[in-house]
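Novice: Taking the UniProt record's numbering, I'd label the letters of the sequence shown as residues 1 to 273. Built from N, CA and C at the ideal position, the CB exists for glycine as well. Bear in mind that the values here come from a model prediction, so they are computed numbers and not experimental data.
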Amino acid sequence: MVVAAGAAAAYALIGLSSAPDRAPQAEASKAPVAPVATPRPTPVPQRSHSPGPSPTPTPVPSTPMPRAKAPAAAHARPAAAAPVVPVRAAVPKPRPKPSPPPAPPVHRPAPSPSPSPSPSPTPSPPPRPPAVYQLNQLAYAGAGDGTRPEVRLGAHSWLWQRYGLRVGGVTYGHGVSVHAPSAVTIELNRPCTAFSALVGVDDMSMGLGAAEFSVYGDGVPLWRSGVVQGGEPAQPVYVPLSGHRTIRLSVQPRRGMGWTAVSDWARSWISCG
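Next up, the structure:
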């Protein structure tokens, strides 16, 4: 340490003595002065009275070496000139025509609801055609179902239900024949409207005899024919029956041998609702 301090002092004295002589030259030349490096003093190891463990040296960080720069190219070649390409003049594109503004929506009034048609009234069903019951097809009381006209038992004389009757030279398809005197009672069993027939003396009587025909409703006389002679044409009968529950067909002999004659209710039928 003492040696280093003495060297530093001597160096300082030498520098001070030579400083005035160099000043004018330095001012004249104005040359740059390189800085003088100050020598570092050499450290003097200190003696230790007792040896101890040597200190662990602190690792000095390694300074990375600078990379060498690649040498620049000695002579750079000039870039080749690009070929000149003729440029066409830009043709201006036609401007698109502006689209017309949308038409404003038309507000149409809402259609008024059509009135619903009134339902047509349901037509009433047509009336049933009247039921027609032929006398030659009537059942006897107790043998039928009680819903249609029937011949009452015990209240009639001889009754012949037949087909093919002949009166006054005319043939009829159906009917009944009786001997005078005769009475036949029929239970209607339902509302009925009319009784219809053709009456006369059957041709099997050979023109002999005469008879009178009558119709009763519930015991009340409704129609009478008068005297009908054998061989004469049949007389038509039509009797309303509304409100009646029974009818009675009566034949009485007239003029001499009427009891021998066969009397016919030809094409006879009862109409009911």
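Using only the alpha-carbon positions, how far apart do Ser-177 and Leu-241 sit?
Specialist: Numbered from 1 along the sequence shown, position 177 holds the residue referred to as residue 177. Numbered from 1 along the sequence shown, position 241 holds the residue referred to as residue 241. Answer to the nearest angstrom: the Cα atoms are 22 Å apart.
Novice: Which residues bound the beta strand (DSSP E) around Val-106?
Specialist: Here residue 106 refers to the residue found at position 106 when the sequence shown is read from its first residue. Looking at the DSSP string, Val-106 is not in any beta strand (DSSP E), and its letter there is neither H nor E.
Novice: What's the call for Leu-188, buried or exposed, on a 16-neighbour Cβ count within 10 Å?
Specialist: Residue numbering aside, residue 188 sits at position 188 when the sequence shown is read from its first letter. Classification of Leu-188: buried, given that the 10 Å Cβ count is 16 or more.
Novice: Taking only the alpha-carbon atoms, compute the straight-line gap between Gly-230 and Gly-209 and give it to the nearest angstrom.
Specialist: Position 230 of the sequence shown, counted from the first residue, corresponds to residue 230. Position 209 of the sequence shown, counted from the first residue, corresponds to residue 209. So the alpha carbons of these two residues sit roughly 6 Å apart.
Novice: Which residues mark the beginning and the end of the beta strand (DSSP E) in which Gln-229 is found?
Specialist: The count along the sequence shown starts at 1 and reaches residue 229 at position 229. Element bounds for Gln-229: 220-229.
Novice: Counting along the chain, where does the beta strand (DSSP E) carrying Ala-183 start and finish?
Specialist: Here residue 183 refers to the residue found at position 183 of the sequence shown. Counting along the chain, the beta strand (DSSP E) containing Ala-183 begins and ends at 182-187.
Novice: Report the residue ranges of all beta strand (DSSP E) runs contained in full by the stretch 147-217; include only those spanning at least 3 residues, in chain order.
Specialist: Within the stretch 147-217, the complete beta strand (DSSP E) runs of at least 3 residues are 150-156, 160-167, 170-179, 182-187, 192-201, 210-217.
Novice: Relative to the alpha-carbon of Ala-143, which residue among Leu-135, Gln-134, Leu-153, Asn-136 has its alpha-carbon at the smallest distance?
Specialist: Residue 143 sits at position 143 when you count from the first residue of the sequence shown. Comparing Cα-Cα distances from Ala-143 to each of Leu-135, Gln-134, Leu-153, Asn-136, the minimum goes to Leu-153.
Novice: Are the Cβ atoms of residue 328 and Arg-248 separated by less than 7 Å?
Specialist: As displayed, the chain neither begins before 1 nor continues past 273, which places residue 328 out of reach and without an answer.
Novice: From Pro-117 to Gly-217, what distance separates their C-alpha atoms?
Specialist: For the purposes of this step, residue 117 is identified with residue 117 of the sequence shown, where counting begins at 1. For the purposes of this step, residue 217 is identified with residue 217 of the sequence shown, where counting begins at 1. Those two C-alpha atoms are separated by around 53 Å.
Novice: With DSSP run on the structure shown, which of helix, strand or coil describes Leu-249?
Specialist: Stepping through the sequence shown from its first residue, residue 249 is reached at position 249. Looking at Leu-249 - three-state DSSP - the assignment turns out to be strand.
Novice: State the Cα-Cα distance for the pair residue 331 and Leu-198, rounded to the nearest angstrom.
Specialist: Absent from the model: residue 331. The displayed extent of the chain is 1 to 273, so no value can be given.
Novice: Mark Asp-264 as exposed unless 16 or more other C-beta atoms lie within 10 angstroms of its C-beta, in which case mark it buried.
Specialist: Start at 1 with the first residue of the sequence shown, and residue 264 comes out as number 264. With 16 or more other Cβ atoms within 10 Å, it is buried.
Novice: Can you grab the Cα-Cα spacing for the pair Pro-233 / Val-170, in whole Å?
Specialist: The residue you call residue 233 lines up with position 233 of the sequence shown. The residue you call residue 170 lines up with position 170 of the sequence shown. The alpha-carbon atoms of Pro-233 and Val-170 are separated by roughly 8 Å.
Novice: Identify which residue in Thr-246, Ser-250, Met-206 has its Cα closest to the Cα of Gly-226.
Specialist: Start at 1 with the first residue of the sequence shown, and residue 226 comes out as number 226. Measuring from the Cα of Gly-226, the nearest candidate turns out to be Ser-250.
Novice: Which residues mark the beginning and the end of the beta strand (DSSP E) in which Trp-259 is found?
Specialist: Position 259 of the sequence shown, counted from the first residue, corresponds to residue 259. Here Trp-259 belongs to no beta strand (DSSP E), and DSSP marks it neither H nor E.
Novice: Select from Ala-266, Arg-245, Gly-164, His-107 the residue whose C-alpha is nearest the C-alpha of Gly-146.
Specialist: The count along the sequence shown starts at 1 and reaches residue 146 at position 146. Answer by Cα proximity: Arg-245.
Novice: Please classify Tyr-238 as buried or exposed, where buried requires at least 16 neighbouring CB atoms within 10 angstroms.
Specialist: Here residue 238 corresponds to residue number 238 of the sequence shown, with the count starting at 1. Tyr-238 comes out exposed.
Novice: Across which residues does DSSP place Asp-264 in a beta bridge pair?
Specialist: In the sequence shown, residue 264 corresponds to position 264, counting from 1. According to DSSP, Asp-264 bridges with Ser-177, Gly-200.
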